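Right, one structure below, let's go through it.
There are 2 protein chains.
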Amino acid sequence: MNEGILGKPTISDLAKAAGVSVTTVSHAFSGRRHVDPETRKRIQTLADQIGYHPSSMARALRSGRTGTIALASSMPFAVAAGPSRLGFLMEIAASAAMSALTRDLALCLIPPHPSAQSYGSAGFDGVILVEPMRDDPLVAHFEQRKTPIVSIGTVPGRPDIPAVDIRSRETAQLLLTHLAEQGCRQIAALIGSTSRTSQIESEAAYDEFVASHQWLSPMIRLNEDEGEEIAYRETLRLLHANPAIDGIFAAIDAFASGAVRAARELGRTVPGQLRIVTRYDGLRAKLSQPPLTAVDLYLPTIAEEAVHLLLDRIDGNSRMVTAELPKLIVRQSSEATG
Amino acid sequence: MNEGILGKPTISDLAKAAGVSVTTVSHAFSGRRHVDPETRKRIQTLADQIGYHPSSMARALRSGRTGTIALASSMPFAVAAGPSRLGFLMEIAASAAMSALTRDLALCLIPPHPSAQSYGSAGFDGVILVEPMRDDPLVAHFEQRKTPIVSIGTVPGRPDIPAVDIRSRETAQLLLTHLAEQGCRQIAALIGSTSRTSQIESEAAYDEFVASHQWLSPMIRLNEDEGEEIAYRETLRLLHANPAIDGIFAAIDAFASGAVRAARELGRTVPGQLRIVTRYDGLRAKLSQPPLTAVDLYLPTIAEEAVHLLLDRIDGNSRMVTAELPKLIVRQSSEATG
DNA sequence: GCTTCTATGCAAATCGTTTTGCCTAATGGG
DNA sequence: CCCATTAGGCAAAACGATTTGCATAGAAGC
Chain V
1 MNEGILGKPT ISDLAKAAGV SVTTVSHAFS GRRHVDPETR KRIQTLADQI
51 GYHPSSMARA LRSGRTGTIA LASSMPFAVA AGPSRLGFLM EIAASAAMSA
101 LTRDLALCLI PPHPSAQSYG SAGFDGVILV EPMRDDPLVA HFEQRKTPIV
151 SIGTVPGRPD IPAVDIRSRE TAQLLLTHLA EQGCRQIAAL IGSTSRTSQI
201 ESEAAYDEFV ASHQWLSPMI RLNEDEGEEI AYRETLRLLH ANPAIDGIFA
251 AIDAFASGAV RAARELGRTV PGQLRIVTRY DGLRAKLSQP PLTAVDLYLP
301 TIAEEAVHLL LDRIDGNSRM VTAELPKLIV RQSSEATG
Chain S
1001 MNEGILGKPT ISDLAKAAGV SVTTVSHAFS GRRHVDPETR KRIQTLADQI
1051 GYHPSSMARA LRSGRTGTIA LASSMPFAVA AGPSRLGFLM EIAASAAMSA
1101 LTRDLALCLI PPHPSAQSYG SAGFDGVILV EPMRDDPLVA HFEQRKTPIV
1151 SIGTVPGRPD IPAVDIRSRE TAQLLLTHLA EQGCRQIAAL IGSTSRTSQI
1201 ESEAAYDEFV ASHQWLSPMI RLNEDEGEEI AYRETLRLLH ANPAIDGIFA
1251 AIDAFASGAV RAARELGRTV PGQLRIVTRY DGLRAKLSQP PLTAVDLYLP
1301 TIAEEAVHLL LDRIDGNSRM VTAELPKLIV RQSSEATG
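Spelled out as structure tokens, the structure:
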């Protein structure tokens, strides 16, 4: 109709300009059928000239694919949006965005609360859930909408949902064994109270570990939302009640920060009198004083695998993936020589 | 056609079930025209029952709105994806996602390189650029596609593009003045070499400041991609060449980290012999030893304003916004008493 | 009784692609 | 020389909503 003056040019504008049918233009771009190379070139040139870009919405409607996947976490986005736990999620987000892009997908960040009955008006081809909890409302939400789901970290109680197993059990074992090797004989654990697989498995690994060593097991479950603060308070109490503790396994990096603060306040040297390790090797671990021993989970790889998994899922095949075994990164906080 | 068995129910399935026309169903939901309250209720109930959710793609096609906005930064996503500068961008992303959601929009993260000729196949109603550079390719990219743009931090050389002015000049003045008040007489500056407004204005403010004090002006422009590492090396060199330096203004937090490391290596006490301040109050500043004086830019507010601005822009009205004046956060790294 | 509203609802056009089925001309094998 | 095949292209039917222009019916005004 209106050529170019207003509005973006459509495929039929381009077809008209090139003197061919819209069908031919479509085929020229998609390559689903053969079109004369010369015609194709003419179309391409003309397309650039008039600034034609196919409408993603029309394409989406027709093909049933939006070309957009979502990344969601029920970790309290807002609460954690202070620069606390954000790191983990955002590092995944960044990597996932990259992976998605290379596959010509866009990555949408969606906050945890499915309160807004629809997430924007946007439709997603699929969604990646980060460390969902047992009975996570997000799972229900997307299942009801028949949106394909994959998860980073298995979904507790839902072995049917494809997931990248991030080896939380092995991660915990790695850290606990390391502490023992460094000479710790009385290791406490600070573990999140949510029912995420990482916390569940951390706890299981810890229980198993202390059982096999016939130790006491001062384990505390902490509300993740309260982060560093609660870990600080509880560590103070813990060390006070149980001065023999010489190692702390913090399942969340914010907890480790709190523990370090508490140790300092009580005049315990780290790692001299108290060794502290944590799972996620984020900024916190690296910048802490002393720097914290942690594990490299290979997050970019995990994110990449999740995207891959989701794509497969969208195409109808479900499968599970087990991530590479995490690698211990030993730093000052747990070194044997103080 | 196929009722319920496979595929998601469409509006016409619902209409059929309710014994009305699709028009009526549409109106019942949108409220664009009056429909009998009883009919509406019946439709609603039935909708829940058969699990009807309007197709976002169809809606998008018809209405021209995808309900999705994008957040893009030409800061090297991948390079910075190590947990370095990610903080700034991601803190904005998190806040923007929240703001977007409350307006029923989804927020897409898109990596910097417009190399993939299309960003996924996704269409955005608009895009928020974070601290774009002069002649940023992203600007060209979206302008060509007639996608509304707003920017966080003005776009150098493009006063016509709506932006949230993040007051980089005032931020720099605040920090420099503070250093002077703490007794510094020879302040060096570490500034990013990209042409982002924040760096440009930091430099201008610094030049002005040293000129008015008739001081020397050891300013170094550093490649932001090299982050902490290059700042470390250059600070070493700087302090060696110019031992009288007693203050460092780092325009990027990673630079500050590098400077701290360099100072420690040279045995300069911070803040005793050398005071260090930086702009962005992220994890780095907070967890650094000693903690760094920085400014609170009120990022969540800025993100919120950017989303608001973009919405206005999409509706056709352009305007500029000036963010609240940042607030100095004094920490140990610049205290007068070492 | 006749016009004029108002309330309610429907049919059909539209958004911009992709995809299917069909058509024509040219090519090649026999 | 005829038939089968292929290359190149077109028209039209989806995709699933929104929106516009009628239609019908009862109510109200005169």
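Chains V and S, in that order, are what the protein sequence lines are.
Going by the working numbering, the first sequence opens with residue 1, and the numbers climb by one from there.
Going by the working numbering, the second sequence opens with residue 1001, and the numbers climb by one from there.
Cβ coordinates follow ideal geometry from the N, Cα and C atoms, glycine included.
In this text, all values refer to a predicted model and were calculated from it rather than measured experimentally.
Comparing alpha-carbon positions, the option among V:Arg264, V:Ser212 and V:Glu208 lying closest to Tyr232 (chain V) turns out to be V:Arg264. Comparing alpha-carbon positions, the option among V:Thr10, V:Asp36 and V:His308 lying closest to Pro148 (chain V) turns out to be V:His308.
Following the DSSP letters along the chain, one finds Ala15 (chain V) in no beta strand (DSSP E) but inside the alpha helix (DSSP H) bounded by residues Ile11 to Ala18.
Taking CB atoms only, Thr66 (chain V) has a neighbour in chain S less than 9 Å away. Here Pro218 (chain V) has Ala188, Leu238, Asn242 and Ile245 as same chain residues with Cβ atoms under 7 Å from its own Cβ, once five neighbours each way along the sequence are excluded. Residues of chain V with a Cβ closer than 7 Å to the Cβ of Ser1318 (chain S) do not exist, since the nearest Cβ in that chain sits about 18 Å away. For Arg1264 (chain S), no CB of chain V lies under 9 Å from its own CB, so it is not counted at the interface with that chain.
Boundaries of the beta strand (DSSP E) harbouring Asp165 (chain V): Ala163 to Asp165, taken from the DSSP string. With distances taken between CA atoms, Ile1092 (chain S) lies nearest to S:Gly1153 out of S:Gly1153, S:Leu1190 and S:Ser1334.
Assignment of alpha helix (DSSP H) within the region 1017 to 1070 of chain S, counting only whole runs of 4 or more residues, yields 1022 to 1030, 1037 to 1050 and 1056 to 1063 in chain order. Taking each of S:Val1020, S:Ile1252, S:Ile1248 and S:Ser1288 in turn and checking the Cα distance to Cys1184 (chain S), the smallest one comes out for S:Ile1248.
In this structure, the beta-carbon distance from Leu283 (chain V) to Gly87 (chain V) falls below 9 Å. Within the same chain, Pro1009 come within 7 Å of Gly1051 (chain S) by CB-CB distance, once the 5 residues on both sides are set aside.
Taking the CA atoms as reference points, Trp215 (chain V) sits about 23 Å from Ala294 (chain V). Secondary-structure assignment with DSSP links Val1321 (chain S) through a beta bridge to S:Val1164. A distance of 9 Å or more separates the beta carbons of Ala172 (chain V) and Glu304 (chain V). In this model, Ala1323 (chain S) and Ile220 (chain V) are separated by some 43 Å (Cα to Cα). Using a Cβ-Cβ cut-off of 7 Å, Leu107 (chain V) is close to Cys1108 and Leu1109 of chain S, given in chain order.
Closest in C-alpha terms to Ile1043 (chain S), from the list S:Gly1192, S:Ser1026 and S:Ser1055, comes S:Ser1026. Just so you know, the alpha carbons of Phe142 (chain V) and Gln186 (chain V) end up roughly 44 Å apart. Residue contact with chain S for Arg331 (chain V): absent (no Cβ-Cβ distance below 9 Å to any residue of chain S). With at least 16 other beta carbons inside 10 angstroms of its own, Ser1288 (chain S) counts as buried. Against Met1057 (chain S), the close residues of chain V are Met57, Ala60, Leu61, Gly64, Thr66 and Gly123, in the order they occur along the chain (beta-carbon pairs closer than 8 Å).
When C-beta distances to chain S are compared with 9 Å, the residues of the region 263 to 294 of chain V below that value are Asp281, Gly282, Leu283, Arg284, Lys286, Leu287, Ser288 and Gln289, in chain order.
Counting only the Cα atoms, Leu71 (chain V) lies some 28 Å from Leu292 (chain V). Lys1008 (chain S) carries a coil assignment under DSSP once its states are collapsed to helix, strand and coil. For Lys1286 (chain S), no beta strand (DSSP E) segment is defined; the enclosing uninterrupted segment is the alpha helix (DSSP H) at Leu1283 to Leu1287. In this chain, the beta strand (DSSP E) harbouring Arg1275 (chain S) covers Arg1275 to Tyr1280.
If you draw a straight line from the Cα of Tyr1206 (chain S) to the Cα of Ser1073 (chain S), it is about 25 Å long. Here Ser318 (chain V) is not near Ala251 (chain V), since their CB atoms are 9 Å or more apart.
Excluding the 5 residues flanking it on each side, Arg1268 (chain S) has same chain C-beta neighbours closer than 6 Å at Leu1274, in chain order. In the structure shown, Thr171 (chain V) adopts helical secondary structure according to DSSP, grouped into three states. When C-beta distances to chain V are compared with 9 Å, the residues of the region 1140 to 1152 of chain S below that value are Gln1144, Arg1145 and Lys1146, in chain order. Comparing alpha carbon positions, the residue from V:Thr66, V:Ser257, V:Leu299 and V:Thr39 closest to Lys286 (chain V) is V:Ser257. Per the coordinates, the alpha-carbon of Ile1191 (chain S) lies some 36 Å from the alpha-carbon of Lys327 (chain V). When C-alpha distances from Met1320 (chain S) are compared across S:Val1130, S:Pro1162, S:Ala1336 and S:Ala1058, the shortest belongs to S:Pro1162.
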